[in-house]
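*Asks:* My questions all concern the structure below.
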Amino acid sequence: MFFKRSARLPAEFPTATPDELRAELRRRLGGVQRHRLLQGFPMAPMMGPAPRAPIIQPDDRQHRPMLIGVLPHTFCVPAVKGCGFCTFPHDALKSSQMVPLATSIARRMGLQARSFQHRRIAGIYLGGGTANLTPLPALGIILGGLMAFRPQETELTLEGVPRFFTAEQLDLLTGAGLGRVRISMGVQTFDPGWLTKMGRQNIGSPEQVAAAVALAQKRSVGTSVDLLLNLPGQPRAAMLSDIQHAIDLGVDQICLYHLVLRSGLPVPWAQDPAMLDALPDNTTAHDSWRAARTLLLSSGFEQRTLTNFERSTAPEQFTYEPHSFRPHTCDALGFGPGAISGINFGTQSQALKWINHASVDDYLSSSSFSHSMERIYAYSPFEDALMQLTRGLAMLHIPTEEGALAAQIAVFEPELAVLEEAGLLCRGAAALSLTERGMFFADSVAGLLAWRTVQYRNAAGRNEPARHPMG
Ligand SMILES: C[S@@+](CC[C@H](N)C(=O)[O-])C[C@H]1O[C@@H](n2cnc3c(N)ncnc32)[C@H](O)[C@@H]1O
Ligand code: SF4
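FYI, the numbering for the sequence shown is 1405 to 1875, going by the numbering used here.
Here you go:
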């Protein structure tokens, strides 16, 4: 299953002429552009089954910082299935599984922490969907498990829906003394008509959002809100009014997510022809995204990632996302069902990415950390560089003299030349930068960069499904 780690490109690696690359890029520019959902190469369906044997050495002796992502559960309580649009995990709530899950996660943390004794924990994210549904006893167990990593002066984020943030929860998080605390919540829109269509009028009403923000601000807890752009038929003025509402609430971070919706996506809105027909074309959607970005930049926000804008007067920047988009400088361990991990990018060791069993039952019945893995991918050096490129796009600038890219950038020269010609990125002496147009079309940029690698994996029979959006 694991590739031999050779620095050379495989002999069968496909070539592509500039015209073939231009045609492929044109095809991609006409398709759905994912921003929030952009992962680094490869996406989950391209990853193989995980081995049963443990893959992490007892002591990795590295001093790189590490992120810890925790999905305490996969449960959610949407009134409309998936709020109409959401592809994140949202199993029906089973309260009885919360404490067993937390206990299992904490036990795995205890076992795993022994292998990572030298690491500084750069950030902790409790998320994956609606992590704030986790009851206090289960949250306490998870916080206890995290202590095995001896986190100090780190950042701790809790993600969830506005209605379920409570004073007790925030007091527990701030009382843990791990460092700066942030809450991140889906708002999507403040428009009552759309909130009703999403079934969010009782979990994310404007009043519930304001109450959650106030709870956080009273405790100096950071606040982040997600807004959706380009809902079907949504006028641009309505998008800007949502953003202005969020700015006026005084939140620290606003995340703009261009709606990902297309026929065939497993969400209710994708079954509704009227919704699909009312979606803006990419040119119009790009114009609206640009207007939204301009409003935030002119209102004292700085764009830190493809989607995240932070108030420039904030005393400190949030750290989780910048670390997670630079996998060659920071490792990530994921705990809980469906959590993603990635280690050793840009080092001499084998770079690995894996995903845990997504089903709560499978996760609970797996007896060890290794057994909780469902899919894994072992990178050869040029793929390690591809990961650095595709994941790094979210940071808008990608250093090219660091990590695996330092030795492997030439592999991607044909794609980079076509992307530069198309006005999507600029190449400097030591970094690549997305242009403003490249930001909106970052999904097409990532897809083109990965295209030949996916063809190669397909031809070698090392790709599970024949086609995937990344390829
Ligand atoms: C996992 S949700 C977490 C938030 C929380 N569960 C809530 O709904 O309030 C993270 C965010 O992903 C975004 N998201 C989900 N599905 C999306 C889609 N199809 N297109 C774009 N963004 C999406 C939404 O803005 C959502 O707030
Ligand atoms: S948007 Fe949030 S609340 Fe709605 S289904 Fe997705 S994870 Fe659940």
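Just so it is clear, CB atoms sit at the ideal spot from N, CA and C, and this is done for glycine as well. Quick caveat, the model's predicted, so the values are computed rather than measured.
By Cβ distance below 7 Å, which residues in the same chain neighbour arginine 1831 in space, the five residues on each side in sequence not counted?
*Replies:* These residues qualify, in order along the chain: Leu1820 and Glu1824.
*Asks:* Which one of Cys1734, Gly1851, Glu1805 and Phe1844 has the shortest CA to CA distance from alanine 1833?
*Replies:* Checking every option, the nearest Cα to that of alanine 1833 belongs to Glu1805.
*Asks:* For a test of your reading of the model: does the CB of cysteine 1480 fall under 7 Å from any non-hydrogen atom of ligand 2? Yes or no.
*Replies:* Checking the Cβ of cysteine 1480 against ligand 2 gives yes.
*Asks:* Alpha carbon to alpha carbon, how far is leucine 1701 from glutamine 1573? Give it in angstroms, no decimals.
*Replies:* If you take the alpha carbons of glutamine 1573 and leucine 1701, they lie about 33 Å apart.
*Asks:* So what does DSSP say about alanine 1870, is it helix, strand or coil?
*Replies:* At alanine 1870 the pLDDT is 41, less than 50, meaning the model places this residue with poor confidence; the figure from the coordinates comes in the next sentence. Three-state DSSP puts alanine 1870 in coil, outside helix and strand.
*Asks:* Tell me which same chain residues have a C-beta within less than 8 Å of the C-beta of arginine 1694, skipping the five on either side of it?
*Replies:* Cβ within range, chain order: Glu1840 and Phe1844.
*Asks:* Report back the beta-carbon spacing between leucine 1562 and leucine 1530 to the nearest angstrom; my notes put them in contact at under 8 Å.
*Replies:* Yes, they are in contact, since the Cβ atoms of leucine 1562 and leucine 1530 sit about 5 Å apart, within 8 Å.
*Asks:* Based on Cα-Cα distance, which residue from Pro1539, Ala1615 and Leu1797 lies nearest to proline 1566?
*Replies:* Ranking Pro1539, Ala1615 and Leu1797 by Cα distance to proline 1566 puts Ala1615 first.
*Asks:* Could you check whether glutamine 1621 and glycine 1590 sit closer than 8 Å to each other, using their CB atoms as the reference points?
*Replies:* The answer is no: Cβ separation not under 8 Å.
*Asks:* Could you tell me the alpha carbon to alpha carbon distance between isoleucine 1525 and aspartate 1685, rounded to whole angstroms?
*Replies:* Cα to Cα, isoleucine 1525 sits roughly 42 Å from aspartate 1685.
*Asks:* Does the beta-carbon of serine 1588 have 16 or more other beta-carbons within 10 angstroms, so that it is buried, or is it exposed?
*Replies:* Label assigned to serine 1588: buried.
*Asks:* Counting only the same chain and skipping the five closest in sequence on each side, list residues whose C-beta sits under 7 Å from that of proline 1541.
*Replies:* Only Val1503 meet the Cβ criterion.
*Asks:* Could you check what DSSP says for valine 1849 in three-state terms: helix, strand or coil?
*Replies:* Residue state, collapsed to three classes: helix.
*Asks:* List the residues that DSSP assigns as beta-bridge partners of asparagine 1712.
*Replies:* Bridge partners of asparagine 1712: Cys1659.
*Asks:* When the Cα atoms are used, what is the spatial distance from arginine 1584 to isoleucine 1528?
*Replies:* About 10 Å.
*Asks:* Whose C-alpha, out of Gly1742, Cys1734 and Ala1496, is nearest the C-alpha of valine 1474?
*Replies:* Per the Cα distances, Gly1742.
*Asks:* Any heavy atom of ligand 2 inside 7 Å of the beta-carbon of phenylalanine 1492?
*Replies:* Phenylalanine 1492 Cβ: within cutoff of ligand 2.
*Asks:* Glutamine 1592 lies in the beta strand (DSSP E); which residues open and close that run?
*Replies:* Run containing glutamine 1592: 1583-1592, per the beta strand (DSSP E) assignment.
*Asks:* By alpha-carbon positions, which one of Thr1600, Pro1482, Gln1592 and Ile1472 ends up nearest to phenylalanine 1553?
*Replies:* Cα-wise, what sits closest to phenylalanine 1553 is Ile1472.
*Asks:* Between the Cα of leucine 1633 and the Cα atoms of Ser1692, Thr1687 and Val1671, which residue gives the shortest distance?
*Replies:* Checked all of Ser1692, Thr1687 and Val1671; the closest Cα to leucine 1633 is Ser1692.
*Asks:* Buried or exposed, going by whether 16 or more other CB atoms sit within 10 Å of the CB of arginine 1623?
*Replies:* So arginine 1623 ends up on the exposed side.
*Asks:* Would DSSP call histidine 1494 helix, strand or coil?
*Replies:* Residue state, collapsed to three classes: coil.
*Asks:* Tell me the rounded alpha-carbon separation between glutamate 1559 and threonine 1578.
*Replies:* Roughly 11 Å separates the two Cα atoms.
*Asks:* So, do the stretch 1672-1686 and the stretch 1641-1653 have three or more beta carbon pairs nearer to each other than 8 Å?
*Replies:* No, because fewer than three Cβ pairs between the stretch 1672-1686 and the stretch 1641-1653 fall closer than 8 Å, the two stretches do not touch.
*Asks:* What's the call for histidine 1690, buried or exposed, on a 16-neighbour Cβ count within 10 Å?
*Replies:* Buried.
*Asks:* Please work out which residues of its chain come closer than 8 Å, Cβ to Cβ, to leucine 1852, disregarding the five sequence neighbours upstream and downstream, and give them in chain order.
*Replies:* Around leucine 1852: Leu1425, Glu1428, Leu1429, Arg1432, Glu1819, Val1822 and Leu1823.
*Asks:* Please determine whether the Cβ atom of threonine 1534 lies at a distance below 7 Å from any heavy atom of ligand 1.
*Replies:* True, at least one ligand heavy atom lies under 7 Å from that Cβ.
*Asks:* For threonine 1570, does the three-state DSSP call read helix, strand or coil?
*Replies:* Three-state result, threonine 1570: coil.
*Asks:* Helix, strand or coil for glycine 1626 per DSSP?
*Replies:* Here glycine 1626 sits in strand by DSSP.
*Asks:* Using the beta-carbon count (16 or more within 10 Å), is proline 1482 buried or exposed?
*Replies:* So proline 1482 counts as buried.
*Asks:* What did DSSP end up calling alanine 1834 once you bin it into helix, strand or coil?
*Replies:* DSSP places alanine 1834 in coil when its eight states are reduced to three.
*Asks:* Alpha carbon to alpha carbon, what distance is there between cysteine 1734 and aspartate 1788?
*Replies:* Cα to Cα, the separation comes out at about 13 Å.
*Asks:* For alanine 1807, is the beta carbon positioned less than 7 Å from some heavy atom of ligand 1?
*Replies:* A quick correction: the sequence has glycine, not alanine, at residue 1807. Outside the cutoff, so no.
*Asks:* What's the C-alpha gap between glutamine 1466 and serine 1519?
*Replies:* Their Cα atoms are separated by approximately 10 Å.
*Asks:* Are the stretch 1704-1711 and the stretch 1792-1801 touching, with three or more C-beta to C-beta distances below 8 Å?
*Replies:* Contact holds: three or more Cβ-Cβ distances are below 8 Å.
*Asks:* Going by beta carbon distance, what residues of the same chain come within less than 6 Å of cysteine 1480, once the five residues before and after it are set aside?
*Replies:* Excluding residues within five positions, the ones whose Cβ falls inside 6 Å are His1494, Gly1533 and Thr1534.
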